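Numbering (our numbering), first residue to last: 2 to 221. Ideal Cβ placement from N, Cα and C applies to all residues, glycine included. Since this is a predicted model, take the numbers as computed values, not measurements. Remarks on the structure that follows.
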Amino acid sequence: MSSAPITLYTWGTPNGHKASIVLEELGIPFEVKPIDISTNVQKEEWFLKINPNGRIPAIVDHKRGDFPVFESGAIMLYLAEHYDPEHKLFPQDANARSSVIQWLMFQMAGVGPMQGQANHFFRYAPEKIPYGIKRYQDETLRLYGVLERALSEPTADGQPRQWLSSDNKYSIADVANFSWVRIHDWSGVSLESVPKVKEWVERIAARPAVQKGLAVPESK
2 MSSAPITLYT
12 WGTPNGHKAS
22 IVLEELGIPF
32 EVKPIDISTN
42 VQKEEWFLKI
52 NPNGRIPAIV
62 DHKRGDFPVF
72 ESGAIMLYLA
82 EHYDPEHKLF
92 PQDANARSSV
102 IQWLMFQMAG
112 VGPMQGQANH
122 FFRYAPEKIP
132 YGIKRYQDET
142 LRLYGVLERA
152 LSEPTADGQP
162 RQWLSSDNKY
172 SIADVANFSW
182 VRIHDWSGVS
192 LESVPKVKEW
202 VERIAARPAV
212 QKGLAVPESK
């Protein structure tokens with residue numbers, strides 16, 4: 002058994018970074034098991050027992066009976082529930098908590114899948130299909146526009162908005178969306194038309210725990 006409470010199975014992808022950033026932000030000791038997805042090791046039987054979908058990231062919580070958790074959003078919620086008693090990344094207020102979950106689902110259902118397809122058609126598809134490239138780049142930029150609108154609206158008390166949560170506090174919602182938006186150039190999408198999003202990305206990227214999380218698994 003690992004001496005750290007959490008073992009993280011991951012690779013250097015946006016979804017992998019969602020988990021590692023939260024672990025670093027909350028100061029949770031963790032052991033990293035790099036999963037080189039180019040080798041398909043994540044499809045081997047031993048890993049399918051941790052994540053039956055054969056994808057990264059996944060964690061095993063040794064403090065709770067070697068309990069496995071897969072899906073990056075589920076991992077973020079799990080860590081917030083069990084390892085964030087001070088509510089650093091997940092608010093205690095019910096309305097603020099709901100807003101965080103909404104923005105997390107926005108990333109899981111929108112930004113991640115659409116930008117992932119834009120990335121594929123723009124960078125990896127064996128055949129350049131202009132329709133596919135434009136379709137997913139346009140949808141990615143539309144979703145960035147939704148973030149731009151949210152970040153442009155002042156808070157209820159008239160303060161400039163810094164973060165996605167309705168209480169204007171940094172949360173797992175910011176981490177989730179940031180992890181994808183920060184690699185916008187891989188999909189051929191610019192942030193020039195969404196200046197508030199650009200500032201928000203820079204604000205998050207400057208956080209020491211985020212820098213540590215982005216260095217995983219190479220740094221571990």
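With residue i as the anchor, note down where its alpha helix (DSSP H) starts and where it stops.
i    : result
D37  : Per DSSP, D37 belongs to no alpha helix (DSSP H) and is neither H nor E.
V23  : P15 to E26
R136 : P131 to S153
A119 : G113 to N120
K213 : P209 to L215
I102 : A95 to F107
R204 : P196 to A206
A174 : I173 to V182
Does the Cβ-Cβ distance between residue i and residue j come in under 7 Å?
i    : j    : result
G113 : W181 : yes
S172 : L90  : yes
S166 : A174 : yes
Q118 : Y145 : no
L215 : H18  : yes
Y84  : L9   : no
G189 : F122 : no
V202 : R183 : yes
Where do the ends of the beta strand (DSSP E) carrying residue i lie?
i   : result
F68 : F68 to F71
L9  : I7 to T11
T60 : The sequence shown places Ile at residue 60, rather than the Thr named in the question. A59 to D62 is the span of the beta strand (DSSP E), which, as asked, contains I60.
Tell me the rounded alpha-carbon separation between residue i and residue j.
i    : j    : result
P6   : I134 : 42 Å
N52  : D62  : 13 Å
I22  : P131 : 35 Å
I60  : P69  : 6 Å
K44  : E140 : 30 Å
E25  : K64  : 18 Å
A206 : E46  : 36 Å
W187 : Q103 : 26 Å
A126 : Q116 : 14 Å
P161 : R98  : 20 Å
T156 : H185 : 27 Å
Q108 : S4   : 33 Å
A210 : I29  : 11 Å
K197 : E154 : 10 Å
G66  : V33  : 18 Å
G159 : N169 : 11 Å
Using a C-beta cutoff of 7 Å, does residue i count as contacting chain C?
i   : result
S21 : The displayed structure is made up of one protein chain only, and chain C is not part of it.
Quick one: measure Cβ to Cβ for residue i and residue j, integer angstroms, because I've assumed they're closer than 8 Å.
i    : j    : result
T11  : P218 : 6 Å
I76  : A20  : 5 Å
Q163 : R204 : 7 Å
F71  : N54  : 6 Å
N120 : P58  : Contact doesn't hold; Cβ gap of about 18 Å is too wide.
Is it the case that the CB of residue i approaches a heavy atom of the ligand MN more closely than 6 Å?
i   : result
D62 : No copy of the ligand MN occurs in the structure displayed, which carries no ligand at all.
- Query: Below 8 Å, can you find three or more Cβ-Cβ pairs linking the segment 90-98 to the segment 30-38?
  - Reply: no
- Task: Evaluate contact between the segment 72-88 and the segment 141-155, counting only Cβ atoms and requiring at least three cross-stretch pairs below 8 Å.
- Result: no
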